[in-house]
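Please read the structure below before turning to the comments.
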Amino acid sequence: MSLPLGLIATDSDSCIHRLDPRLRIVTALGLAMTTLSLGSPLTLVAALLGAVLLTRLARLDWRVLLKRLLLMEGFMLLVLLSLPFTTPGEAWFTIGQLTASQAGGWHALHILLKAHTVVLVLLTLIATIELVTLGHALAHLRVPDKLVHLFLFTVRYIAVLYEEYRRLRLAMKARGFVFTTSRHSWRSIGWLVGMLLVRSLERAERIVAAMRCRGFHGRFYLLDELRWQPADRVAGVLFTLAASLLLIIDRY
Amino acid sequence: MSEQHPLLSLRGAHFAYPGHPVLKQVDFTLYPGERVAIAGANGAGKSSLLHLLVGLNSLSQGTLTAFGLPVRREDDFRAVRAQAGLLFQDPDDQLFCPTVLEDVTFGPLNLGKNATQARAIAEQVLDQLGLSGFAQRITHKLSGGEKRLVALATVLAMQPRVLLLDEPTNALDKPTERRMTELLLGLPQAMVLISHDAHFVDQLATRAVLLQDGTLQDATLHRHPHLHSHLHIHGTDTSDHSHQDSLDG
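Line by line, the protein sequences give chains C and P.
Everything in the first sequence is counted per our numbering, starting at 71 for the first residue and increasing by one.
Everything in the second sequence is counted per our numbering, starting at 1075 for the first residue and increasing by one.
Take a look at the structure:
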């Protein structure tokens, strides 16, 4: 059983995969911020090319990437279609009663380039980290304990809950349940959700009990230590240089 | 010898869930070296009894003495839980850490061991259970049998003197069940075990008690002559049982 958790190729081996997860998180955030603050089409295109280069370095499968991007394209289409016609400014072209503005066109292009760059960067640098490692890296980056534990518990139990949901749903099917838009269907689904909540609550209580049995008193301990490698330093410097270069060119 | 000093001793225990009495006037004693099977119907309160022993349920009446000391408050129970390891029915309740190593070291770290010591204990326990090489596995990706063995490892890592096992072979396939039985037979700890698996009880238990209508009575392990033998557990004072001649337990 597997859940669509949005990860890609967490187990492949590339120069990107070998980088320290902390570096990948910080870099992804840094590059995303840089991209968002860029203003000229030239640097935006350069940033997008950079992001594409990153996906190549991580040896990600094009087909998988395109599938992911498709999820976003519907929204992008909406932006492309609506922004030119809703932004005031100098006329660009006219279709019947509707006039597209140049400013709106540029605006849409900006959003298109930025969104694709940021998504590609996130897919390459963060979606390729195993969730557990991601949790640990966040903890090492001093993200508040409660958030990290919430994240790790979610990772641990989402599959268990999904399995419980699947079992209940299968049992419903076995008794001839077919979902239609009838009152009976909605009520049955309501009960299913309610039962899942009750079971989750009970499971949570059992988990806490099991933790108390092993001496839990409100503190978690981290076992692993992440160590910076020379390659991480080099990559960190390279990413910083690239981002700075983009920002500088963008200013002039 | 410590034979006279019980590890756990429950006297006159009463326990009830709101509006639903479970245990009435229960006495139970566990001595070193014993492996006691608790028999009883579903919902008879077997799990509740194990949970009482480590303070996950609280007594409404009666006293508990553990390892020579009276146990009343949560603070007392903390010390008890370090020495009486409870193996839960569903390993998914017990294994909550992302990786096996983290789960097995969770207990020792809570008991104040440092990371190096905890890791050493974990490796030793995993090795003992034939699970070396499992340390970095992701817990929720383990098979049912592996989960159960790892759950046992997390309990053993606390280095307890008593094991409380809630249906340890439930839903295990035959080879894994055999492996579990052999592992448990090789352990020095006194045990209290709940199991509906007669064969398992037969191999492991040194004594049995029967929980019925909220009361606990001593029971005998006894066999019927068949082409092959089954193990049945009856209360000792059950006067009308029809297999009197085959009593050998």
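Note that the Cβ used here is the ideal one computed from N, Cα and C, for glycine as well.
Let me make sure I understand the geometry here. Which of C:His210, C:Val188 and C:Glu233 has the alpha-carbon closest to that of C:Leu119? For the purposes of this step, residue 119 of chain C is identified with residue 49 of the first sequence, where counting begins at 1. Here the closest residue by C-alpha is C:Val188.
Environment of P:Leu1188 [buried if 16+ CB atoms lie within 10 Å]: Working through the second sequence from its first residue, we reach residue 1188 of chain P at position 114. It should be pointed out that residue 1188 of chain P corresponds to Asn in this sequence rather than to Leu. Exposed, since its Cβ has fewer than 16 Cβ neighbours within 10 Å.
In chain order, which alpha helix (DSSP H) runs of at least 4 residues are fully inside the segment 1203 to 1230 of chain P? 1218 to 1230
Quick one: which chain P residues come within Cβ less than 8 angstroms of C:Met281? Here residue 281 of chain C refers to the residue found at position 211 when the first sequence is read from its first residue. Simply Phe1170 and Phe1180.
Quick check on DSSP: helix, strand or coil for P:Lys1098? The count along the second sequence starts at 1 and reaches residue 1098 of chain P at position 24. P:Lys1098 falls in the strand class under three-state DSSP.
Would C:Phe223 pass as a contact of P:Asn1184 if the rule is Cβ separation under 9 angstroms? Working through the first sequence from its first residue, we reach residue 223 of chain C at position 153. Working through the second sequence from its first residue, we reach residue 1184 of chain P at position 110. Contact: no.
Output the distance between the C-alpha atoms of P:Ala1156 and C:Arg126, rounded to the nearest integer angstrom. Within the second sequence, numbered from 1, the residue matching residue 1156 of chain P stands at position 82. Within the first sequence, numbered from 1, the residue matching residue 126 of chain C stands at position 56. Using only the alpha carbons, I get a separation of about 52 angstroms.
Can we say the segment 80 to 99 of chain C touches the segment 296 to 316 of chain C, given the rule of at least three CB pairs closer than 8 angstroms? yes
Taking P:Gly1136 as part of the alpha helix (DSSP H), name the residues at either end of that continuous run. Along the second sequence, read from residue 1 onward, the residue named residue 1136 of chain P stands at position 62. Element bounds for P:Gly1136: not the alpha helix (DSSP H) but the beta strand (DSSP E), Gln1135 to Ala1140.
Give the residues of chain C in contact with P:Asn1184, contact being defined as C-beta atoms less than 9 angstroms apart. Within the second sequence, the letter at position 110 stands for residue 1184 of chain P. Going along chain C in sequence order, the residues near P:Asn1184 (Cβ under 9 angstroms) are Met281, Arg284, Gly285, Phe286, His287, Arg289 and Tyr291.
Exposure of C:Lys243, with buried meaning 16 or more beta-carbon neighbours within 10 Å: In the first sequence, the residue the question calls residue 243 of chain C occupies position 173. That one is exposed.
Listing by chain order, which chain P residues have their CB less than 8 angstroms from the CB of C:Leu77? Taking the first residue of the first sequence as 1, we reach residue 77 of chain C at position 7. None at all; the shortest Cβ gap to chain P is about 13 angstroms.
In angstroms, rounded to a whole number, what distance separates the CA positions of C:Leu73 and C:Arg236? Counted from its first residue, the first sequence places residue 73 of chain C at position 3. Counted from its first residue, the first sequence places residue 236 of chain C at position 166. Its pLDDT being 49, under 50, C:Leu73 is placed unreliably by the model, and the measurement read from it follows with that caveat. Looking at the two C-alpha atoms, the distance is approximately 11 angstroms.
Any chance you could list the alpha helix (DSSP H) runs of at least 4 consecutive residues sitting entirely within the segment 78 to 110 of chain C, in chain order? 91 to 107
Who does P:Asp1166 pair with in a DSSP beta bridge? As a working mapping, residue 1166 of chain P is identified with position 92 in the second sequence. Bridge partners of P:Asp1166: none, in fact.
Closest Cβ-Cβ distance between C:Arg226 and chain P: below 9 angstroms? What you label residue 226 of chain C is simply residue 156 of the first sequence in a count that begins at 1. Chain P, which has a Cβ nearer than 9 angstroms to the Cβ of C:Arg226, makes this yes.
Since C:Val268 meets chain P, which of its residues come closer than 8 angstroms, beta carbon to beta carbon? Within the first sequence, the letter at position 198 stands for residue 268 of chain C. Going along chain P, no residue has its Cβ under 8 angstroms from C:Val268, so there is no contact; the nearest lies around 15 angstroms.
What does P:Thr1173 pair with, by DSSP beta-bridge criteria? Your numbering for residue 1173 of chain P matches position 99 in the second sequence. In DSSP, P:Thr1173 forms a bridge with P:Ile1212.
Any idea if C:Tyr322 is buried or exposed, counting beta-carbon neighbours within 10 angstroms, 16 or more meaning buried? The residue given as residue 322 of chain C occupies position 252 in the first sequence. C:Tyr322 should be labelled exposed.
Alpha carbons only, please: which of P:Leu1126, P:Leu1130 and P:Gly1142 is nearest the one belonging to P:Gly1136? Numbered from 1 along the second sequence, position 62 holds the residue referred to as residue 1136 of chain P. Selected option, being the one with the closest Cα: P:Leu1126.
Going by Cα to Cα distance, which pick from P:Leu1169, P:Ile1268 and P:Ala1231 is closest to P:Leu1285? For the purposes of this step, residue 1285 of chain P is taken as residue 211 along the second sequence, with counting starting at 1. Closest option to P:Leu1285, Cα to Cα, is P:Ile1268.
C:Trp298 versus C:Glu234, C:Phe247, C:Met103 and C:Arg94, residue with shortest Cα-Cα distance: Translated into positions along the first sequence, residue 298 of chain C becomes position 228. Comparing Cα positions, the closest option is C:Arg94.
Which of the three DSSP states, helix, strand or coil, is assigned to P:Met1232? Within the second sequence, the letter at position 158 stands for residue 1232 of chain P. If DSSP states are grouped into helix, strand and coil, P:Met1232 belongs with coil.
Chain C within 9 angstroms of P:Asp1166, Cβ atoms only: As a position in the second sequence, residue 1166 of chain P is number 92, starting the count at 1. Cβ-Cβ to chain C under 9 angstroms: yes for P:Asp1166.
Please report the Cβ distance between P:Pro1182 and P:Gln1191, rounded to the nearest whole angstrom; I am assuming they are in contact, meaning their Cβ atoms lie under 8 angstroms. Reading the second sequence from its first residue, position 108 is the one you call residue 1182 of chain P. Reading the second sequence from its first residue, position 117 is the one you call residue 1191 of chain P. That pair is a contact at about 7 angstroms.
What is the residue span of the beta strand (DSSP E) that C:Phe249 lies within? Counted from its first residue, the first sequence places residue 249 of chain C at position 179. Run containing C:Phe249: none; DSSP gives neither H nor E here.
Beta carbon of C:Ala185, beta carbon of C:Asp131: below 9 angstroms? Here residue 185 of chain C corresponds to residue number 115 of the first sequence, with the count starting at 1. Here residue 131 of chain C corresponds to residue number 61 of the first sequence, with the count starting at 1. Going by C-beta atoms, C:Ala185 is not nearer than 9 angstroms to C:Asp131.
Does any residue of chain P have a CB that is nearer than 9 angstroms to the CB of C:Val213? Start at 1 with the first residue of the first sequence, and residue 213 of chain C comes out as number 143. Not an interface residue.
Assigned exposure category for P:His1296 - 16 Cβ within 10 Å defines buried: On the second sequence, position 222 is the one that residue 1296 of chain P refers to. Buried is the call here.
Please list the partners that C:Val230 has in chain P, where partner means a Cβ-to-Cβ separation under 8 angstroms. Reading the first sequence from its first residue, position 160 is the one you call residue 230 of chain C. Near C:Val230 (Cβ distances below 8 angstroms), the residues of chain P are Asp1166 and His1214.
Kindly give me the distance between the Cβ atoms of C:Val225 and P:Pro1172, rounded to whole angstroms, as I take these residues to be in contact under 8 angstroms. Here residue 225 of chain C refers to the residue found at position 155 when the first sequence is read from its first residue. Here residue 1172 of chain P refers to the residue found at position 98 when the second sequence is read from its first residue. Confirmed, about 7 angstroms.
By the three-class DSSP mapping on this structure, what secondary structure does C:Val304 have? Residue 304 of chain C sits at position 234 when you count from the first residue of the first sequence. C:Val304 falls in the helix class under three-state DSSP.
Which residue's Cα is closest to the Cα of C:Leu293: P:Arg1085, P:Leu1138, P:Asp1177 and P:Pro1080? For the purposes of this step, residue 293 of chain C is identified with residue 223 of the first sequence, where counting begins at 1. Checking every option, the nearest Cα to that of C:Leu293 belongs to P:Asp1177.
Nearest neighbour of P:Phe1162, chosen from P:Thr1228, P:Arg1252 and P:Thr1294 [CA to CA]: For the purposes of this step, residue 1162 of chain P is identified with residue 88 of the second sequence, where counting begins at 1. Of P:Thr1228, P:Arg1252 and P:Thr1294, the residue nearest in Cα terms is P:Thr1228.
Out of P:Leu1246, P:Asp1292, P:Val1199 and P:Val1096, state which residue places its alpha-carbon closest to the alpha-carbon of P:Gln1222. Numbered from its first residue, the second sequence carries residue 1222 of chain P at position 148. Here residue 1222 of chain P is Arg; the residue named in the question, Gln, does not match the sequence. Cα-wise, what sits closest to P:Arg1222 is P:Leu1246.
Give the range of the alpha helix (DSSP H) segment to which C:Pro154 is assigned. The residue given as residue 154 of chain C occupies position 84 in the first sequence. First-last of the alpha helix (DSSP H) with C:Pro154: Trp132 to Thr156.
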